[in-house]
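A.B. asks: Just passing along the structure, written as structure tokens.
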Amino acid sequence: MATQVRSAVSVLLVLNLVLYFIITVIASWAVNHALEKSFESASTLTLPAHLFPMYFPIGNMATGFFIIFSLIAGIVGMATSATGITNVSKWNASNVHTASVSSLATWAVTVLAMGFAWKEIELGWTNGNLRTLEVMTIITSATQLLCTGAIQVGVEEMIVRSKQIAGRV
Numbered sequence: 054m055a056t057q058v059r060s061a062v063s064v065l066l067v068l069n070l071v072l073y074f075i076i077t078v079i080a081s082w083a084v085n086h087a088l089e090k091s092f093e094s095a096s097t098l099t100l101p102a103h104l105f106p107m108y109f110p111i112g113n114m115a116t117g118f119f120i121i122f123s124l125i126a127g128i129v130g131m132a133t134s135a136t137g138i139t140n141v142s143k144w145n146a147s148n149v150h151t152a153s154v155s156s157l158a159t160w161a162v163t164v165l166a167m168g169f170a171w172k173e174i175e176l177g178w179t180n181g182n183l184r185t186l187e188v189m190t191i192i193t194s195a196t197q198l199l200c201t202g203a204i205q206v207g208v209e210e211m212i213v214r215s216k217q218i219a220g221r222v
């Protein structure tokens, strides 16, 4: 059972690495686009438009928060997936516990970005690139949840195996 869990976790970590890379690329493009277009777009607007450090001319009022949190989730997710692949390849108790904690923290950040994605979908007025980022964020939150659950199964197997080796206490 341990080899099945290990291979499933490895596949999910590689999948999440690719998904988080795509999220990071799209969110980085959106931040760059906002930085290039904010001066010419926001210079004609009234004062409340300047409260957020960047004006996002491609979306609605939730776009700024969604893009920033998606960028954070993408970077944290790529780091977690890369270190998780290393931790799972070793597959001992300390490395699997480390992968479990970092996977859970990454899932929490991704769910926060997913919440802003849902809010942006609710408000509407987004273009195709932002819709792609919204869909990728929602899909990635689901795959990260599966990955976190699979790593937790590996942690439980490690705990059971260590209790069997140690005997009664």
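So for the sequence shown, this note's numbering puts the first residue at 54; every next one is plus one.
Even glycine gets a Cβ: it sits at the ideal position worked out from N, Cα and C.
Using the beta-carbon count (16 or more within 10 Å), is residue 197 buried or exposed?
C.D. replies: Taking the sequence shown and counting its residues from 1, one reaches residue 197 at position 144. Per the 10 Å Cβ criterion, buried.
A.B. asks: Would you mind giving the Cβ-Cβ distance between residue 83 and residue 182, rounded to the nearest angstrom? I have them listed as a contact below 8 Å.
C.D. replies: Counted from its first residue, the sequence shown places residue 83 at position 30. Counted from its first residue, the sequence shown places residue 182 at position 129. Right, their Cβ atoms sit about 7 Å apart.
A.B. asks: Does the distance from the C-beta atom of residue 208 to that of residue 149 stay below 8 Å?
C.D. replies: To locate residue 208, count along the sequence shown from 1; it is residue 155. To locate residue 149, count along the sequence shown from 1; it is residue 96. Yes; because the gap between Cβ atoms is below 8 Å, this pair is in contact.
A.B. asks: Considering only residues of the same chain and omitting the five flanking positions on each side of residue 113, which have a CB-CB separation below 8 Å?
C.D. replies: Here residue 113 refers to the residue found at position 60 of the sequence shown. So the qualifying residues of the chain are 173, 176, 177, 178, 179.
A.B. asks: Alpha carbon to alpha carbon, how far is residue 58 from residue 88? Give it in angstroms, no decimals.
C.D. replies: For the purposes of this step, residue 88 is identified with residue 35 of the sequence shown, where counting begins at 1. For the purposes of this step, residue 58 is identified with residue 5 of the sequence shown, where counting begins at 1. Answer to the nearest angstrom: the Cα atoms are 44 Å apart.
A.B. asks: Roughly how many whole angstroms lie between the Cα atoms of residue 157 and residue 143?
C.D. replies: One-based indexing of the sequence shown puts residue 157 at position 104. One-based indexing of the sequence shown puts residue 143 at position 90. Taking the straight line from one Cα to the other gives about 19 Å.
A.B. asks: Output the distance between the C-alpha atoms of residue 133 and residue 199, rounded to the nearest integer angstrom.
C.D. replies: Here residue 133 refers to the residue found at position 80 when the sequence shown is read from its first residue. Here residue 199 refers to the residue found at position 146 when the sequence shown is read from its first residue. Each residue's alpha carbon lies about 14 Å from the other.
A.B. asks: Compute the distance between the beta-carbons of residue 76 and residue 127, then report whether it is under 8 Å.
C.D. replies: As a working note, residue 76 is residue 23 in the sequence shown. As a working note, residue 127 is residue 74 in the sequence shown. Going by C-beta atoms, residue 76 is nearer than 8 Å to residue 127.
A.B. asks: Where residue 68 and residue 61 are concerned, what is the direct C-alpha to C-alpha distance, given to the nearest angstrom?
C.D. replies: Residue 68 sits at position 15 when you count from the first residue of the sequence shown. Residue 61 sits at position 8 when you count from the first residue of the sequence shown. C-alpha separation (whole angstroms): 11 Å.
A.B. asks: Which residues mark the beginning and the end of the alpha helix (DSSP H) in which residue 171 is found?
C.D. replies: On the sequence shown, position 118 is the one that residue 171 refers to. Run containing residue 171: 146 to 176, per the alpha helix (DSSP H) assignment.
A.B. asks: Report all residues from its chain with a CB closer than 7 Å to the CB of residue 202; omit the five preceding and five following residues, and keep chain order.
C.D. replies: Looking up residue 202 in the sequence shown gives position 149. The answer is none, since no qualifying residue turns up.
A.B. asks: Under three-state DSSP, which class holds residue 179?
C.D. replies: In the sequence shown, the residue the question calls residue 179 occupies position 126. Here residue 179 carries a coil assignment [DSSP, helix/strand/coil].
A.B. asks: With distances taken from CA atoms, which of 171, 141, 191 is nearest residue 73?
C.D. replies: By one-based count along the sequence shown, residue 73 stands at place 20. With distances taken between Cα atoms, residue 73 lies closest to 191.
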